[in-house]
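Protein chains in written order, with my numbering: chain Y, 1 to 184; chain B, 185 to 286; chain A, 287 to 588. Backbone N, C-alpha and C define an ideal beta-carbon position, used for all residues, glycine too. I have placed the structure first, in the form of structure tokens, so that the comments after it can refer back to it.
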Amino acid sequence: MSDLGIALVFWPTAALMLVTGLYVFITSSMARAGLLLLASLGVEGLIFIALASEFLGFLQLLMMSGEMVIMVFFMVMFMPDPGGLMGMDMTHDKRRSAAVAAAIAVALAVVAVLTDWPARAVGNDAPDVRAIGFEVMGRSMITFLFAAMTILFAMVGGVLLAKAGGRYGIGAPRGEPRGPRSDD
Amino acid sequence: MVSLPVVLAVAALLFGIGLYGALGQTNTIMVIMGVELMLGASMLNVVGFLRYAHPDATSGAFFVLVVMTLMAVEAAVGFALVISAFRHSRTAEVDDLTELKG
Amino acid sequence: MSDWTPVAVLAVALGGAGAVALLEQLVAGLRPAPAALARDAVATLRQPLRRPETYDTWLFHLAPGLLVIAAVTALATVPWAPGFRGIDFQAGVILFGGALAYVTPAVFMAGWGAGSPLAVVGGFRWLALMLAYAMPVAMVLTAVAAPAGSLRPADIVEVQHAVPMGLVQPLALGLWLPAVVAVCFLPPFDLPHAPSELGGGTFAGYRGLDAALVRLAQRVLLVAVSGMTAALFLSGWHGPLLPPALWMVVKTAGVAALILWAGRRLPRLEIDRALALAWKVANPLAIVAIVIAGGLTLGFYR
Chain Y
1 MSDLGIALVF WPTAALMLVT GLYVFITSSM ARAGLLLLAS LGVEGLIFIA LASEFLGFLQ
61 LLMMSGEMVI MVFFMVMFMP DPGGLMGMDM THDKRRSAAV AAAIAVALAV VAVLTDWPAR
121 AVGNDAPDVR AIGFEVMGRS MITFLFAAMT ILFAMVGGVL LAKAGGRYGI GAPRGEPRGP
181 RSDD
Chain B
185 MVSLPVVLAV AALLFGIGLY GALGQTNTIM VIMGVELMLG ASMLNVVGFL RYAHPDATSG
245 AFFVLVVMTL MAVEAAVGFA LVISAFRHSR TAEVDDLTEL KG
Chain A
287 MSDWTPVAVL AVALGGAGAV ALLEQLVAGL RPAPAALARD AVATLRQPLR RPETYDTWLF
347 HLAPGLLVIA AVTALATVPW APGFRGIDFQ AGVILFGGAL AYVTPAVFMA GWGAGSPLAV
407 VGGFRWLALM LAYAMPVAMV LTAVAAPAGS LRPADIVEVQ HAVPMGLVQP LALGLWLPAV
467 VAVCFLPPFD LPHAPSELGG GTFAGYRGLD AALVRLAQRV LLVAVSGMTA ALFLSGWHGP
527 LLPPALWMVV KTAGVAALIL WAGRRLPRLE IDRALALAWK VANPLAIVAI VIAGGLTLGF
587 YR
């Protein structure tokens, strides 16, 4: 993509990403919060594609849609006001957290803009997918294995945490819940 | 136009928004969403470096992959904790879940 | 990717949607009547959009647009001929999976936005269904990409010049078809949307342009999914006698007809049956399919 093309894609999508990200915490409807987060991180995937990392961009788009709908599920289950009809204020320390967040964001941005990054003439090619594959299976195999084990432990641990009464079912209500099809 | 400092600055702003959510929201799930935004900002940083500084750094692309995966994993474990906490004390608010006992 | 690709993709989308409409009539045993279909479409478009009783108007009206965008993006990744490969990204197969994944939030937005209790229930049932069936789609895409050594759909077609992937990996094909029919919200997996269930389901509230966009998106999705099935499993454009593009069209039409016919013949699956099928059968077998694909790659496709 040409520099002009990148600029044309980047500025609107970056603005959209930041605005939808901010609205995640302003809106009072929980489904909208989850879907706004999907919009924000999905649009970030588009930015990845514009910055020539198309593999990562596609993966970001793919994963975010699944994650965010799961979030919407959980929010509707566990939040006191998922529809946002009662207009509850779900924040604490709004001013202080906004001040801290703004200070840190500005500090990071100032560091980013003022640092003397080494000037490199680079073309618009991100790593080839095959090269990433060789990297994963070759040099970064240990990291990959650890990530895989972490996922496995998280899956098992998550199921155990969520199970009523812990691993042995102590104190959980007895018997299978009787659903419409009890012959499975 | 769009250059490395610009991408890093945008990522810094996104990080700030995520931090505002993580610090300021009372519900655990909203805090998790704030953390997701922060991790998204770090990924944007790495992709910026990948494009403007080291295009052949496949380890950078792998880093983004791992962060993406761990975003999902962290959210999953967070939700499992929310289920467990809700079952125990009927609330998922960060302000009420202040005791480790029980 | 030439400058004409977006236009060509849109042309394929609209033409394909029309062809699917005629195919639906054929499969139902009726004589295809394009004029009647066109009149029907115009009548739907002329209805006014549904007004205030929606619960979340923004989400309600955004959903059909998102559906169409997802469908057209999925269609754009399908390779139709050696000269017209759609948007030929090197990770095209992942873009296909990602585009299909956006059908999930879109239909949920339709259900939640409508606000009527049955529509919301339909939306949540759809979420449960899609969380279960999205994984076999992604895993089968991996299993099919491994022997080709590439995530580019055109490369996967090229590697099938001798033997179609469907013959080499029948398990993958058997898992792919139900999963992909579920994503297209077609029968037998359409419990959340069927007009005769749950008070009309998630799309009951749509009128006018919204309803037309939903039907268009469903048909474009069917074309995209059938085309990708033909490309990934049925050797794509390879075949004797006919020109490559024509082979793709024939194979796509065949898969689409099969899906529509199966939808009419098979009884609609209840939610817990569909979910049990996904979690207890499809997901474990998808992992097995990946292992088989790995073995095939090492053994035959070096």
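Collapsing the DSSP output to three states places A:THR340 in coil. By the Cβ-count criterion, A:VAL567 is exposed, with fewer than 16 other Cβ atoms from all chains shown falling within 10 Å of its own Cβ. Our two residues, Y:ILE151 and B:PHE270, have alpha carbons roughly 24 angstroms apart in a direct line. By the C-beta criterion, the segment 416–424 of chain A is judged not to be in contact with the segment 491–500 of chain A, since fewer than 3 inter-stretch pairs fall below 8 angstroms. Nearest in C-alpha terms to A:LEU415, of all of A:VAL358, A:HIS479, A:PRO365, is A:HIS479. Bounds of any alpha helix (DSSP H) do not take in Y:ILE170, whose DSSP letter is neither H nor E. Residue-level contact check: Y:PHE144 does not touch chain A, since none of the beta carbons of chain A fall below 8 angstroms from its beta carbon. Distance from the CA of A:LEU453 to the CA of A:VAL430, rounded to the nearest whole angstrom, comes to 12 angstroms. Look at A:GLN504 here: in three-state DSSP terms it is helix. Within chain B, the residues placing a beta-carbon under 8 angstroms from that of Y:GLY157 are VAL261, ALA264, ordered along the chain. For the pair of segments examined, the segment 540–556 of chain A was found not to touch the segment 390–406 of chain A: the number of CB pairs separated by less than 8 angstroms stays below three. Y:PHE144 sits in a helix when the DSSP states are folded into three classes. One alpha carbon belongs to A:GLY494, the other to A:ALA322, and they sit about 17 angstroms apart.
Contact annotation: the segment 217–233 of chain B touches the segment 245–259 of chain B, with at least three C-beta pairs closer than 8 angstroms. Three or more Cβ pairs drawn from the segment 300–319 of chain A and the segment 503–512 of chain A lie within less than 8 angstroms of each other, which places the two stretches in contact. Assignment of beta-bridge partners to B:THR210 by DSSP yields no partner. Between A:THR390 and Y:SER65, the C-beta gap is smaller than 8 angstroms, which places the two residues in contact.
Measuring C-alpha to C-alpha distances from A:LEU461 to each of A:VAL295, A:TRP565, A:LEU335 identifies A:TRP565 as the nearest.
A:TYR388 reaches chain Y at SER65, counting residues in chain order whose Cβ is nearer than 7 angstroms. Per DSSP, reduced to three states, the secondary structure at Y:THR91 is strand. Of the candidates Y:GLY5, Y:ALA162, Y:LEU4, the residue whose Cα lies closest to the Cα of B:HIS272 is Y:ALA162.
With a beta-carbon spacing of about 6 angstroms, A:GLY580 and A:ALA432 fall inside the 8 angstroms limit used to define contacts. The Cβ of B:LEU281 sits no closer than 8 angstroms to any Cβ of chain Y.
For Y:LEU59, the C-beta contacts it makes with chain A under 9 angstroms involve ALA377, ILE380, GLY384, in order along the chain. In this structure, the beta-carbon distance from A:GLN376 to Y:VAL9 does not fall below 8 angstroms. For B:PHE263, the secondary structure class from DSSP, reduced to helix, strand or coil, is helix. By alpha-carbon distance to Y:ALA33, the top candidate from B:GLU283, B:GLY205, B:MET222, B:ALA195 is B:GLY205. Chain Y places a beta carbon closer than 8 angstroms to that of A:ALA420, counting this residue as a contact.
Only buried fits Y:GLU54, as 16 or more other CB atoms lie within 10 angstroms of its CB.
Here DSSP, grouped into helix, strand and coil, assigns B:GLU277 to strand. Under the three-state reduction of DSSP output, A:ALA294 falls in the helix class. Ranked by Cα distance from A:ALA360, the first of Y:VAL76, Y:MET75, Y:LEU62, Y:MET79 is Y:LEU62. For A:TRP462, no chain Y residue has a C-beta closer than 9 angstroms to its own C-beta; the minimum C-beta separation is roughly 16 angstroms. The DSSP-derived three-state label of A:PHE370 is strand. The Cβ of B:SER226 sits no closer than 8 angstroms to any Cβ of chain Y. Sequence-ordered contacts of the segment 3–30 of chain Y with chain A read SER29 [C-beta pairs closer than 9 angstroms].
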